[in-house]
Amino acid sequence: MKSVEIVVNGVERRAQVEPRMLLVHFLRDVAGLTGTHIGCETSLCGACTALLDGRAVKSCTVLAVQADGHSVTTIEALASEGQLHPLQESFWEEHALQCGFCTPGMIMCASDLLGSNASPSDREIREGLSGNLCRCTGYQNIVGAVKSASRKMKRRTAATAAKK
Amino acid sequence: MADYKWPDAQHRTLIGTRQSRLDGPVKVSGRAKYTYDQNPKGLLAGAILRCPHAHAKVVSVDTSAAEKIPGVKAVQVLQGPGKEVHWAGDEIVALAAINEGIAEDALRAIKVQYEVLPHFVDDATEPKSAAEETGPLALDDLINMFSNQVPEPQISSTVQKRGISFPVTDDLVKRMRSFNVGENVIKALQSAPQKSPESTRSPFKKSAVNVTGDPDQAFKTAEATSEGLYGVPVITHCCLEAHGVIAHWPDAEHLETQVSTQNVCGMPDQIAQALTGIGIPISASNIRNRQQHVGGGFGSKFAADRWSLAAAQLSKKAGGAPVKIMLDRRAELEVAGARPSAYAHVKLAAKKDGAITAWDSQSWGTGGPLGGNMPPIPYIFTEIPHQRKQHISIATNIGPARAWRAPNHPQAAVLTMCAIDDLAARLGMDPFDVFLKNLPLTPRANVYEAELRKADELMQWKKRWHPRGDESSGPMKRGLGLSIHTWGGRGHQGAGDLTIHPDGTVEYRSGTQDLGTGTRTAIAMVIGETLGLPLNAITVKIGDTNFPHDGGSGGSTTIGAVSAESRRAATDALNELLAKVAPTLGVAPDQLEALYGTIRVKDTQGKSITWKKACSMLGATGVTAHGQNPDPSKPPDLTNSGVGGAQMADVSVDVETGIVRVNKMVAVQDCGLIINLKTAESQCYGALIMGISYALFEEKIMDPTTGRMLNPNMQFYRLAGYGDIPELVVHMMTGPGYDERGVIGLGEPPVVSPGAAISNAVANAIGVRVPFLPITPDRVLAALEKKGGAA
Amino acid sequence: MRAFEYVTPKSKEQAVGLLSQNWGDTELLAGGTDLLALMKDDVVAPKRLVNVKSIAGLDAIGYNARTGLRIGALVRIADFADNADVRKYYPTLARVADDAASPQIRNQATMAGNLCQRPRCWYFRNGFGLLAKDPQSGKSLVVEGDNRYHAILGNDGPAYFVSPSSIAPALIAAGAKIRVFGPSGARELPLEKFYVIPKSENEREHDLRSNEIVIEIVVPPPSGERFGHYEVRQKAEFDWPLATASVALKMSGNKVQAARIVMGHVAPIPWVCDKYVEATLLGQPLTETTANAAGVVAAEKPGKSLGKNAYKIRLAHVAVKRALLQAVKET
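Here it is as structure tokens:
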């Protein structure tokens, strides 16, 4: 057993884990955050995407011990004070989900994308989310949702700046 | 009094609008709990040891070492010595442990000896030496026909003609009824001649030749003929949430399950029968199954699979503790669903003007270890006057077949629509015109014509179409292709209860499920429409066998059912409410209507009371009404069957590399009265995406030597990603002529045509047919080489 | 996944001390994106995992006009692709890295890990061994079975898989060297020499010994060469290519003075084309015709089908042609 300290969504979590425990299992079974899903198990579908030190990674191919001393952000942390994040709002409004199993991973990856590129083009969105697969409706509406979220976030940033 | 019939267009407030799904917030915030996400207290991790051989007999199983590993709580042999295994990955032993790691370690400690038997995994090569099947049907043959969705009249005539070699016991009849097998089939079986079983069984079974009219003469006198080879391989469902279950026994008599399923209320019966059969007697009424969300099914999540029973068995052994078994990706792809394949040589005869006169097909394919059956060909153009058809079904060790979105239709579409496209090329005609010319051979010519013309407008087909073979310079060749399709989609049997509480809240309960298609939202829209309330005033509770039972979500049967059930329940409840309120407003109940959160006198300004006030008159218990489908006592019929759709594809093919990119797809679809336009369109988008995926990428690839699937992962089992999906244009046919038909399901039809439309577009681009899906670079280059026109 | 011991050395010396003399006992963990998938499938089952991420100083990129580019072994692919110097002086390498795998994998996987990833051969990944021999007959499952994605060059056996990295051929075309560190210190070798075709099941597809670690990749400074890189991929994104070609050209006016062509995904190693391929181009202007001729000599002439992969010969040919034309088009 190894002892790890991982900051999950701003809360420090200490646990004794087997070295073979995957980060996704740490998040789901130790931290109780089941919004990060398990899809393909081999880093191909993106359902397990979470942010490790702010960058999107596939938590199914990261060991919990590799995240020791690092911080992880999951889908559960995106909404603040009951208010959905613009990406979450837009995924809902634009019907960017059907069964919804891929959705948390899509949103987390999109949040990483918007973090480095506030106004991505269609092409950049498609490339930025190319590590995430959707089986039931996806893609077209998801691209629309990311664009809509990007516009919302810029408007909100502008509004905040104006207040100051 | 409010009546049941759907409101006219001018009286609709919610039906037909675009509404965001009610479960959107929980899904986008990671709070939606799928079976995989349920972690009840004391949960044990279940795991399954699977057979590494494609065909083998179990000789011995030794679980003693596994049982001694600390943390292992229960071990259950699922297929012990003497059992014959027909596909790699089949379940041998299940066990439960305190965590996944220990469960996995314990699996490795189990010793199983097999006698390896010869396997057969090649379904694409045309069988050369198949004898025609005339002997009696074994029980396996019958099950094979059911699992491959052979039409019931065909099953009846086959058993009558060939006889059967098994007794039709009361038990068998009971089982068939529980799977909704029609009484005509049961009668046919009971009166079928009893014969002794056949001694030898070949993997190839050739059907009798099926002849309509005089095909020989028709081909002899034809003004034009064309022939081609077409095929669709075995593909898998690849649900993003794998199959799985959690089971526990709260006490010795009761079992609670959470199956990841398309068929919430179908589980108790199936599980009870199976458990009773293996020595754990239980009645269906003592089993409760629940599910809030499911991560995809596509036809593969109907049965209580062996792992569901295993979880129940393990839980029993572990003192009732909850046991979760989720399939890993390899198992999901190897065992949890294979769509039957279909290949055919098709010959067509026609007049010079394109009118088809005769069809001849020699087809083959596999539907798993039992063989499978011929898809419904010629597809849609069923009235071709002269036909000859013969099919060879191949029993293989590729894995068990499961229904895949629109069972057998995508295969039939490729075999038919590609043959017609080749005929058009042979005649030097635009396939658009050849399809139009032959629409009288289909059951709904007017609908198809309207849809094809709409698709032409959206694709600019007539302006852009060129004869086969893009003559422009450079390696990129562009082409257009089209296909049409059909499906039933009548609402299944089921029910729901609606309660209007005295405080004005409205609650609906039904055992249906939401596969992601927006079932909850559609139900709330129907109820909101009926009661004159906004969507957020309705609470919809589904996914629990404690609620009135509803059918499984498959075959596009859900929307027709749940909309009719909730409409009837809401109307009955409303009428009770109106009766209570009428005296206060001083009119007869039939003078009242519910609109905009009020109960008001029809056509009278201002004479109304609020919904909340009205409900307060209901007394302490409120009112509860039951709605069901079908319900001839509460006409009209609110659902219907039979739709058409037309699709067009625009592709570019790099003739130097064989890489195909889809540039645009157009889908025009009717489905009767649409409840939620947003989710209806979404079904079409999703179908196009799945269609592009199976047209270009998907194939269950088997190794001839080992009999194992070579691509049981999402690297080599490729699914279309963002870059592969082009502009998608969806148009729903609505309004007069469509709406009054009632509600019809939509999950299946739009996924039928993409394979055929894309294959036709590729042929139009490069000037030659690529016979088999998926249209991969090796196949494109091989077709070009055969044509002699390689770059 | 089987249980293992997890160790985090603080220096490369410590790391080397923790590694076994034999392959299979220990494995190096950096990003882990490939290794963990292999461990989950029980294709590799190390008793000890040596996490090299804890070693300081291996995650930097440095550029110097005289000595070129030094890429620390632990530099993540995304950081390499985004690095300003890489984008400025080696735009083709940046593009190749930016096209590898998916964003999440590029955020986690390291450059050295990319170069050392194991073959994607489906027999290997399904547990039939690197050389995929049928335990019953001793015959090659690849030759007897489905080899649509297997080697068309260097495929005399017993290895038939293809080298999986798309970055390695591009680095080789750019003249990269690799530095590894072992019990007897550091050694440096040209990247193309780093890859070897294994002859037995207990060999690997590179020259790294089981107790060595990669510490650095060194790319010489640009010297007026033109680079091109072309990948034939079935899916538009996030797909392992069917064939790639990376080229570096020295031009004199519009004539080719020197050409280095490396094909990927066609052989068990990144396939450096021989002098005959270069000879078709030397002294010639680069046109559709000469580029095509080079593709023919690179792939069609020496390529050998295993039964189901003949189309890959064509794809490699086309990749070479297109990479060459791209190199002279991009200025």
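Residue numbers (the working numbering), protein chains in the order written: chain A, 16 to 179; chain B, 230 to 1020; chain C, 118 to 448.
We put the beta carbon where it would ideally sit given N, CA and C, even for glycine.
Only a predicted model underlies this, so the values are computations on that prediction, with no experimental measurement involved.
Around B:N892, the same chain offers R707, D879, V880, S881, P955 and E956 as residues with beta carbons nearer than 8 Å, after the five sequence neighbours per side are excluded. Residue-level contact check: B:S881 does not touch chain A, since none of the beta carbons of chain A fall below 7 Å from its beta carbon. Taking 7 Å as the cut-off between beta carbons, the residues of the region 34 to 53 of chain A near chain C are P34 and R35, in sequence order. The region 362 to 406 of chain B contains, as complete alpha helix (DSSP H) runs of 4+ residues, the segments 368 to 376 and 381 to 391 (chain order). Residues of the region 255 to 278 of chain C that bring their beta carbon within less than 7 Å of a beta carbon in chain B comprise L258, E261, G262, D263 and R265, in sequence order.
Within the same chain, Cβ atoms closer than 6 Å to the Cβ of B:K831 are found at Q820 and E822, the five residues on either side in sequence being excluded. Against B:H522, the close residues of chain A are G115, in the order they occur along the chain (beta-carbon pairs closer than 7 Å). Excluding the 5 residues flanking it on each side, B:V414 has same chain C-beta neighbours closer than 7 Å at E381, I384 and S385, in chain order. Within the DSSP secondary-structure output, C:R296 pairs in a beta bridge with C:E305 and C:E333. Taken atom to atom, the span from the alpha-carbon of B:R738 to that of B:G508 is near 34 Å. Around B:Y572, no beta-carbon contact reaches into chain C at under 7 Å, the shortest distance being about 18 Å.
With the rule of 3 Cβ pairs closer than 8 Å, the region 490 to 503 of chain B counts as touching the region 534 to 541 of chain B. Counted as a single uninterrupted DSSP element, the alpha helix (DSSP H) harbouring B:D662 occupies residues P660 to N667.
In this structure, the beta-carbon distance from B:V440 to B:R617 falls below 7 Å. Within the model, the alpha-carbon separation for B:L458 versus B:S592 is close to 10 Å. Using a Cβ-Cβ distance cut-off of 8 Å, the region 257 to 273 of chain C and the region 196 to 209 of chain C are not in contact, since fewer than three pairs of beta carbons, one from each stretch, lie closer than that value. Each residue's CA atom was taken as its position, placing C:G262 and C:V413 some 27 Å apart. The residues A283, H284, H315, W316, H348, F349, V350, P598 and G936, in chain order, have a CB closer than 7 Å to that of B:N626 in the same chain once the five nearest residues on each side in sequence are set aside. When the beta-carbon positions are compared, B:I277 and B:A323 come within less than 7 Å of each other. With contacts defined by Cβ atoms closer than 7 Å, B:A335 and B:V290 do not form a contacting pair.
Counting the other Cβ atoms within 10 Å of the Cβ of C:G244 gives fewer than 16, which makes it exposed. Contact annotation: C:T407 and C:L398 have beta-carbon atoms nearer than 7 Å. When Cβ-Cβ separations below 7 Å define contact, A:A173 makes no contact with chain B.
Residue range L906 to L925 is occupied by the alpha helix (DSSP H) that includes B:Y923. B:G952 belongs to the set of residues whose beta carbon lies under 7 Å from a beta carbon in chain C. In terms of beta-carbon proximity, C:D151 stays away from the interface with chain B, with every pair separated by 7 Å or more. Look at the region 147 to 173 of chain C and you find these whole runs of beta strand (DSSP E), each 3 residues long or longer: 165 to 168. Contact of C:N328 with chain A is not assigned, every C-beta pair being separated by 7 Å or more. Between B:V463 and B:K929, the C-beta spacing is below 7 Å. Its Cα nearest to that of A:V72, the residue C:S219 stands out among C:S219, C:F121, C:I172 and C:W140.
Nearest in C-alpha terms to B:R391, of all of B:P365, B:T734, B:S922 and B:G725, is B:P365. For the pair C:Q138 and C:V192, the Cα-to-Cα distance works out to about 26 Å. The region 830 to 844 of chain B makes no contact with the region 795 to 805 of chain B, as fewer than three CB pairs between them are under 8 Å. Interface flag for A:S134 against chain B is unset, since no Cβ pair is found closer than 7 Å. The straight-line gap separating the alpha-carbon atoms of C:W239 and C:A440 is approximately 28 Å. Of all residues in the region 420 to 439 of chain C, only Y428, R431, L432 and V435 come within less than 7 Å of chain B when Cβ atoms are compared, listed by chain position.
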